Amino acid sequence: KAGVTQTPRYLIKTRGQQVTLSCSPISGHRSVSWYQQTPGQGLQFLFEYFSETQRNKGNFPGRFSGRQFSNSRSEMNVSTLELGDSALYLCASSLALGLYNEQFFGPGTRLTVL
Amino acid sequence: AQSVTQPDIHITVSEGASLELRCNYSYGATPYLFWYVQSPGQGLQLLLKYFSGDTLVQGIKGFEAEFKRSQSSFNLRKPSVHWSDAAEYFCAVGRDDKIIFGKGTRLHILP
Numbered sequence: 744k745a746g747v748t749q750t751p752r753y754l755i756k757t758r759g760q761q762v763t764l765s766c767s768p769i770s771g772h773r774s775v776s777w778y779q780q781t782p783g784q785g786l787q788f789l790f791e792y793f794s795e796t797q798r799n800k801g802n803f804p805g806r807f808s809g810r811q812f813s814n815s816r817s818e819m820n821v822s823t824l825e826l827g828d829s830a831l832y833l834c835a836s837s838l839a840l841g842l843y844n845e846q847f848f849g850p851g852t853r854l855t856v857l
Numbered sequence: 762a763q764s765v766t767q768p769d770i771h772i773t774v775s776e777g778a779s780l781e782l783r784c785n786y787s788y789g790a791t792p793y794l795f796w797y798v799q800s801p802g803q804g805l806q807l808l809l810k811y812f813s814g815d816t817l818v819q820g821i822k823g824f825e826a827e828f829k830r831s832q833s834s835f836n837l838r839k840p841s842v843h844w845s846d847a848a849e850y851f852c853a854v855g856r857d858d859k860i861i862f863g864k865g866t867r868l869h870i871l872p
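Order-wise, the sequence lines are chains C and S.
Just so we're aligned: the first sequence equals residues 744 to 857 in my numbering.
Just so we're aligned: the second sequence equals residues 762 to 872 in my numbering.
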């Protein structure tokens, strides 16, 4: 069974631009969560989607948004990029709703904002 | 406030030596507890989890962890480390649709 895939793996953007990251969950998994990982803040939860609806949200500004499609694939969008948005963005999928379920992580998208 | 503390940012052990990584948490109720490992360039992989029952939990790759309610701790152990265990380890706690990760402990292995 294929694992969680994330595209692209690397991105370089400039301040003020917007970016869209994509995540394909493991087949059959309906929950997709997004995390931001930085050296200073560590891993922080962004949001969780289940059945095309955002079910949980972390403490991030409205510039961070996402959506989930009917095939469970998910996209995350960051608008008006700031230097502090440089991070590894991880996507995780699980069978059921709820962050305490076993999550399977993708390799991440490394975003650099110049 | 809810929090997870991994007091050791870096730990170095010799190959074949035993390992213990510390994790302490602060949470209103007994949370679900997890240990994840992240190898360079990879996402996180679940090593083990504790929800309830036996406080000694066995995981993959020869790891185990013990939940101690009185100490609010969930330390990860391995009796004999291998060079391939070099990675970053994250403790996480979750409940009520929330999950909080510790800042991680980077494990270095000496040959």
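Positions of the beta carbon are idealized from the N, C-alpha and C atoms, including for glycine.
Quick caveat, the model's predicted, so the values are computed rather than measured.
List the residues of chain C that residue i touches, going by C-beta distances under 7 Å, in chain order.
i	result
ARG783 (chain S)	Those within 7 Å of ARG783 (chain S) in chain C number zero; the least Cβ separation is about 16 Å.
GLY802 (chain S)	PRO850
Would you mind giving the Cβ-Cβ distance between residue i and residue j, rounded to the nearest angstrom? I have them listed as a contact below 8 Å.
i	j	result
PHE774 (chain C)	GLU795 (chain C)	Going by the sequence as given, residue 774 (chain C) is Ser instead of Phe. About 11 Å separates the two Cβ atoms, so there is no contact after all.
HIS843 (chain S)	HIS771 (chain S)	Contact flag wrong, Cβ pair sits at about 18 Å.
Please tell me whether residue i and residue j are closer than 9 Å, where the distance is taken between their beta carbons.
i	j	result
PHE828 (chain S)	PHE835 (chain S)	yes
ASP858 (chain S)	GLY841 (chain C)	yes
PHE788 (chain C)	ASN799 (chain C)	yes
PRO792 (chain S)	ARG838 (chain S)	no
SER800 (chain S)	SER841 (chain S)	no
THR855 (chain C)	LYS756 (chain C)	yes
LEU857 (chain C)	GLU818 (chain C)	no
ARG816 (chain C)	CYS766 (chain C)	yes
For the beta strand (DSSP E) that contains residue i, what are its first and last residues?
i	result
TRP844 (chain S)	Counting along the chain, TRP844 (chain S) falls outside any beta strand (DSSP E), and DSSP gives it neither H nor E.
CYS766 (chain C)	762-767
THR866 (chain S)	866-871
LEU817 (chain S)	817-819
ALA835 (chain C)	830-837
ASN785 (chain S)	785-787
Residues of chain S with CB closer than 9 Å to the CB of residue i, please, in chain order.
i	result
ASN802 (chain C)	The premise fails here: ASN802 (chain C) is roughly 11 Å from chain S at the closest Cβ pair, so nothing lies under 9 Å.
Determine the chain C residues that contact residue i at a beta-carbon separation under 8 Å, and present them in chain order.
i	result
ARG838 (chain S)	None at all; the shortest Cβ gap to chain C is about 21 Å.
Anything in chain S within Cβ reach of residue i, meaning under 8 Å, just list it in chain order.
i	result
ASN820 (chain C)	What ASN820 (chain C) touches in chain S: nothing, since even the nearest Cβ is about 20 Å away.
LEU824 (chain C)	Correct list: empty, because the minimum Cβ distance to chain S is about 23 Å.
Can you name the residues of chain S whose CB is closer than 7 Å to the CB of residue i?
i	result
TYR843 (chain C)	TYR793, GLY855, ARG856, ILE860
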